[in-house]
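Some notes on the structure that comes next.
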Amino acid sequence: MTKFLKGAKLQFSNSFSRRALALLMIILFCCTCARKEQKYANVFYWNLYTGVTSLDPAFARSLANIWSCQQLYNGLIQLDEHLKIKPCIAKNWTISEDGLTYTFTLRNDVYFHDHELFPNGKGRKVTASDFKYSFNRIIDPATASPGAWIFNNKVVVDSPFKALNDTTFCIRLQKPFAPFLSLLTTTYCSVVPKELISHYGKDFRAHPIGTGPFFMKYYYEGEKLILHKNQQYFEFDKDTNGKLTRLPFIAAVDISFIDSKQNEFFSFMQGKLDLVNGIDQSFKDNVLNKDGTLKAAFSDKLNFEKSPFLNTEYFGFLVDSLPKGMNAKQFKMVRQAMNYALDRTKMMRYIRNSIGIPGIYGFIPPDLLQAEPKIYYPYLPGKAAQLLRDAGFPNGKGLPIIKLSTTANYLDLSIFVQHAMEDAGIPVQIENIPSSSLSEYKSKGKSLFFRGSWVADYPDAENYLSIFYSKNRPPDGPNYFHYHNIQFDQKYDSLINKKDITTDPQSYSRMQDLMMEEAPVLILYYDETVRLLAKRVHGLHANPINSVDLKYVQLN
Amino acid sequence: MDFYMARYIFKRIVSGILVILGVATIIFLLFIILPTDPASLTLGQRADISTLESINKELGLNEPKSIQFIKYINDLSPLSINGLNDENREKYHFIPILRFRNNALVLKWPYLRRSYQSKKKVSEMLMAALPNTALLAISAFFIASIIGIIFGCLTAIKKGTLLEGALMLLANVGVSVPSFFAGILISWCFGYLLSSYTGLSMFGSLYEIDPFRGKILAIQNLILPAIALGIRPLGIITQLTRSSMLEVLSQDYIRTAKAKGLSPWIIIKKHALSNALNPVLTAVSGWLASLLAGAFFIEYIFNWHGLGKMTVDALLSMDFPVVMGAVLFIAIIFVIINILADILYGVIDPRIRAGA
């Protein structure tokens, strides 16, 4: 009986196994039949891992939105790679004597991308009234554009934008504002066609029509954005022989939205991407040496670029909310002590692989100050101890615990700071919260010590000092520190109301001296942009506002 | 249909609606408790009061919470009261039933609003994501069922051999490894390390977009996520089939079939397998719905644009209407499946509908 069953089993298995294996082979065959993705020689492959929420320039708030819109739209003026203002759709401009009226003369050869809503489906010529419409749209509360701050309280209330004729456009201000031209270089101030917006309404966000070097060919949200070369683009490149070539050089841009930095990096290493912006903390040690240079194993596979980026990373204090058992003077001394107790050079080397400049200077990134940057808080543990003694907390004795609100991606930096403070005797407790909660804490003044960063919206030092201006306290502005200094405010008022555009570096430095002495911030570092580029990419210039201008890109 | 049956179905539907209402209320409350301000999130570092106000107005956040809640439920309800103006007509596409002054009781599809972040209609987002999730879940279901049953049979037939040991090890690993870990491992191994042999990508969606040819079906992108999602059910099905098959193979009628001189393949197919599969099928059929909702991690890892990935993304950016829409949608799927199952039980078993 047992023998019989055994025999039966054997026969079953041979016959059944053959059929089962055949089925498995078919499944495996299907896997190997997979078609490989085709890569084109004249297409630039890019990934925006944070995703694009809108292709409408009125909502170009995040870097990914800005980068996409920069390829699709143009404004009156633009910045070159050295952050100097240069013409774009406006050929030239004048500012009235009183600094209140800005008049722009527009080019006569700029056309919107083709669209069926235009007569004969051909792109219409851009006129001054298009700018009038586009700018009015930004300040219209019905649009609810996050870029409304650019014009709010700066331009006159009654018809601030005027189209004097097709090629003359004029803006009137309430009072002089020195950095106003810089503001106009932001992506929010791009020109859009009225007829398209009337037709699509809110859905213009996915049907962008602009004047930029590329137009949108396909857009599958969260999956792909394909841009094609605008054959009628108005800008030309002049080579060394003086020969003019119409921009852009490449035929198309393929933008994917892989939302994990690891996957993005793997795709880049597989040759599926041409550019990666930034490098993730989790694998930076595999790619970079501690001194911030590329590891030898990668040097023949990719090009590595590092350049200053106008972004100051800091931990801020809520200066008007005193910790338990401290008066205002003691709190100020403790803040100063914390600033002296942090070895930022060591922090940058071990936590950031030397990407970024240690934050020993003021709040304004050193690249933005035309004057020689001044060192405010070098690493001086002895001085930190002295300040604590003077404040009545020798070796930190009697100090209350200071709670630091931070987010997960800054945890390693926060822990480094926590240890540095512990060494000085200052107890710091880390509270790790989602970034959405952190912004709520900051705007409602619920956190005494919080993480923050400030990216320049426009390249002017005023941008950095404005957040310490007392009238910019939330909800009116981003003064999360609740910093208030009458002298600082007076200097700020007199500075921005100047008509003269050439900024006065000395006055910025003097204001910064005042603010840094009170130490409302613990500056960590001034950021740098990191780009990993495929070997075939040329002409992609880095700049301090981290814009990505693909019109000059050439591919080998 | 008798009276008891009608009453039973009506009760099931009413309780289903109450469940959905409860889910909507809970999510609404959660978002009130959470310390977030969606308007300042959409504004970023520059937030001045006038822009904040206009965004709050646009998102309907300038009103008291109670009014916000009533408006929300009014938007969700297929029968609602709305003003008869062009803006509402455009927004809801309703059919007025009963008019009174400028308002009317209207019939409409539930309006799930627009995303805070992208301003896209949530209903459109859901409809775009649902087919992807359904396809992934169904593929995983079939991979798990087919391979699981084959493995189960092989292990039963080859009991005591090396093959059985190897397959059982695989099944046990499949059951015990969390799906997100299996996902990362499979993606890295077959999509990166071995990608030159497999031709597969670490991640990707059902369609690939070629810069010049547009949308192209890329069914190969389904393979890895479907395996990753199916590996756990595969392990369970292997074990279930194996034990059930072993039991069947020891039955007398198998011996009789053998004695009749039937070929081993016919015996397995006709006599053993069909009997062995009964308990397996009962267990498996209940899993499809949970596979639909359980694909969150897998979709996220493989960048598969389904409901799960959409929900996780929306949660990270506090995009309340999208989270609300997605959770409600999944809740509705479960409620409908449960109602159908209850009705079927009612049809089969008269005691249930009488008891109801």
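So the sequence lines, in the order shown, correspond to chains V and E. Each residue of the first sequence is one higher than the one before, starting from 1 at the first, in my numbering. Each residue of the second sequence is one higher than the one before, starting from 1001 at the first, in my numbering. We treat Cβ as the ideally placed atom computed from N, Cα and C, and that holds for glycine. Note that this is a predicted model, so its numbers are computed, not measured.
Item to check | Extent of the continuous alpha helix (DSSP H) run through aspartate 1313 of chain E | outcome: 1307-1316 is the extent of the alpha helix (DSSP H) around aspartate 1313 of chain E.
Item to check | Enclosing alpha helix (DSSP H) for aspartate 527 of chain V [first to last residue] | outcome: Not the alpha helix (DSSP H): aspartate 527 of chain V falls in the beta strand (DSSP E), residues 521-534.
Item to check | Contacting residues, own chain, Cβ-Cβ under 6 Å from leucine 247 of chain V (five flanking each side not counted) | outcome: Within the same chain, Pro213, Tyr233, Glu235, Asp237 and Lys551 come within 6 Å of leucine 247 of chain V by CB-CB distance, once the 5 residues on both sides are set aside.
Checklist entry - CB phenylalanine 363 of chain V to CB aspartate 527 of chain V, shorter than 8 Å? => result The Cβ-Cβ distance between phenylalanine 363 of chain V and aspartate 527 of chain V does not fall below 8 Å.
Item to check | chain V residues whose Cβ lies nearer than 8 Å to that of isoleucine 959 of chain E | outcome: Chain E is shown only over 1001 to 1356; residue 959 of chain E falls outside these bounds and no answer can be derived.
Checklist entry - So, is asparagine 165 of chain V buried or exposed, given that buried needs 16 or more other C-beta atoms within 10 angstroms? => result Only exposed fits asparagine 165 of chain V, as fewer than 16 other CB atoms lie within 10 angstroms of its CB.
Checklist entry - proline 1211 of chain E CB to nearest chain V CB: under 8 Å? => result It does; some Cβ of chain V falls within 8 Å.
Item to check | Strand pairing of asparagine 165 of chain V, partner residues [DSSP] | outcome: Beta-bridge pairing links asparagine 165 of chain V to V:Thr168.
Item to check | is_contact[isoleucine 1231 of chain E, chain V] using C-beta, thresh 8 Å | outcome: No, because no Cβ of chain V sits closer than 8 Å to the Cβ of isoleucine 1231 of chain E.
Next on the checklist: Residues of chain E with CB closer than 8 Å to the CB of valine 530 of chain V, please, in chain order.
Outcome noted: The CB of valine 530 of chain V never comes closer than 8 Å to any CB in chain E; the least such distance is about 21 Å.
Checklist entry - So phenylalanine 564 of chain V is in the beta strand (DSSP E); what residue range does that whole segment cover? => result Residue coverage of chain V in this structure runs from 1 to 556, which leaves residue 564 of chain V outside it and unanswerable.
Checklist entry - If you measure beta-carbon to beta-carbon, which residues of the segment 149-164 of chain V are closer than 7 Å to chain E? => result Along the segment 149-164 of chain V, the positions whose C-beta sits under 7 Å from a C-beta of chain E are Trp149 and Asn152, read in chain order.
Item to check | Sequence-distant residues of its chain with Cβ nearer than 8 Å to leucine 83 of chain V (five each side left out) | outcome: Same-chain partners within the cutoff: Pro459, Asn543, Pro544 and Ile545.
Item to check | Under the three-state DSSP convention, the category tyrosine 219 of chain V falls into | outcome: It is a strand residue.
Item to check | C-alpha distance - asparagine 1056 of chain E paired with alanine 1039 of chain E, whole-angstrom precision | outcome: CA-to-CA, the gap between asparagine 1056 of chain E and alanine 1039 of chain E works out to about 6 Å.
Checklist entry - On the premise that threonine 185 of chain V lies in contact with isoleucine 85 of chain V, defined as a C-beta separation below 8 Å, what is that separation, rounded to the nearest angstrom? => result Contact between isoleucine 85 of chain V and threonine 185 of chain V holds, with the beta-carbon distance rounding to 6 Å and staying under 8 Å.
Next on the checklist: In this structure, how does DSSP classify isoleucine 426 of chain V when only helix, strand and coil are distinguished?
Outcome noted: Of the three classes helix, strand and coil, the one that applies to isoleucine 426 of chain V here is coil, per DSSP.
Checklist entry - Would a check of beta-carbon distances place asparagine 263 of chain V closer than 8 Å to chain E? => result Residue-level contact check: asparagine 263 of chain V touches chain E, since one or more beta carbons of chain E fall below 8 Å from its beta carbon.
Next on the checklist: Counting only beta-carbon separations shorter than 8 Å, does glutamine 38 of chain V have a partner in chain E?
Outcome noted: Judged by the 8 Å Cβ criterion, glutamine 38 of chain V is in contact with chain E.
Next on the checklist: I'd like to know whether the C-beta atoms of phenylalanine 315 of chain V and arginine 451 of chain V end up nearer to each other than 8 Å.
Outcome noted: Contact: yes.
Item to check | Interface flag, aspartate 1252 of chain E vs chain V, CB-CB below 8 Å | outcome: Chain V has no Cβ within less than 8 Å of the Cβ of aspartate 1252 of chain E.
Item to check | Helix, strand or coil at histidine 419 of chain V according to DSSP, with G and I counted as helix | outcome: Helix at histidine 419 of chain V.
Checklist entry - Just curious, the alpha helix (DSSP H) that aspartate 274 of chain V is in, first and last residue? => result Careful: aspartate 274 of chain V lies outside any alpha helix (DSSP H) and carries neither H nor E.
Item to check | Cβ-based burial, serine 1205 of chain E [other Cβ within 10 Å; buried from 16] | outcome: The residue in question, serine 1205 of chain E, is buried, as its Cβ has 16 or more Cβ neighbours within 10 Å.
Item to check | Opening and closing residue of the alpha helix (DSSP H) in which phenylalanine 249 of chain V lies | outcome: In the DSSP annotation of this structure, phenylalanine 249 of chain V is not part of any alpha helix (DSSP H), being labelled neither H nor E.
Checklist entry - For asparagine 395 of chain V versus leucine 387 of chain V, is the C-beta distance shorter than 8 Å? => result The Cβ-Cβ distance between asparagine 395 of chain V and leucine 387 of chain V does not fall below 8 Å.
Checklist entry - When DSSP labels each residue in this structure, what does tryptophan 1304 of chain E get in the three-state scheme? => result The three-state secondary structure of tryptophan 1304 of chain E, taken from DSSP, is coil.
Item to check | 6 Å CB neighbourhood of tyrosine 45 of chain V in its chain, flanking five on each side removed | outcome: The residues Asp254, Leu273 and Asp274, in chain order, have a CB closer than 6 Å to that of tyrosine 45 of chain V in the same chain once the five nearest residues on each side in sequence are set aside.
Next on the checklist: For a contact defined as C-beta to C-beta under 9 Å, what are the partners of isoleucine 226 of chain V on chain E?
Outcome noted: Ordered by position in chain E, the residues that pass the 9 Å Cβ test against isoleucine 226 of chain V are Ile1209, Asp1210, Pro1211, Phe1212 and Gly1214.
Checklist entry - Would tyrosine 1192 of chain E count as contacting chain V if we go by Cβ distances under 8 Å? => result Output row for tyrosine 1192 of chain E: interface = yes.
Checklist entry - Taking 8 Å as the CB-CB limit, is lysine 301 of chain V close to chain E? => result Output row for lysine 301 of chain V: interface = no.
Checklist entry - Interface residues of chain V around histidine 1271 of chain E at Cβ under 8 Å? => result The premise fails here: histidine 1271 of chain E is roughly 11 Å from chain V at the closest Cβ pair, so nothing lies under 8 Å.
Checklist entry - Does the Cβ of asparagine 65 of chain V have 16 or more other Cβ atoms within 10 Å, making it buried, or fewer, making it exposed? => result Buried is the call here.
Checklist entry - Hey, valine 530 of chain V and isoleucine 355 of chain V: beta-carbon distance below 8 Å or not? => result In this structure, valine 530 of chain V sits near isoleucine 355 of chain V, with a CB-CB distance shorter than 8 Å.
Item to check | 3 or more residues per run - each beta strand (DSSP E) lying fully within the segment 1097-1173 of chain E | outcome: You should have 1103-1107.
Checklist entry - Do isoleucine 258 of chain V and isoleucine 1209 of chain E come within 8 Å of each other at the CB atom, strictly closer than that value? => result With a cutoff of 8 Å on beta-carbon distance, isoleucine 1209 of chain E and isoleucine 258 of chain V are scored as not near each other.
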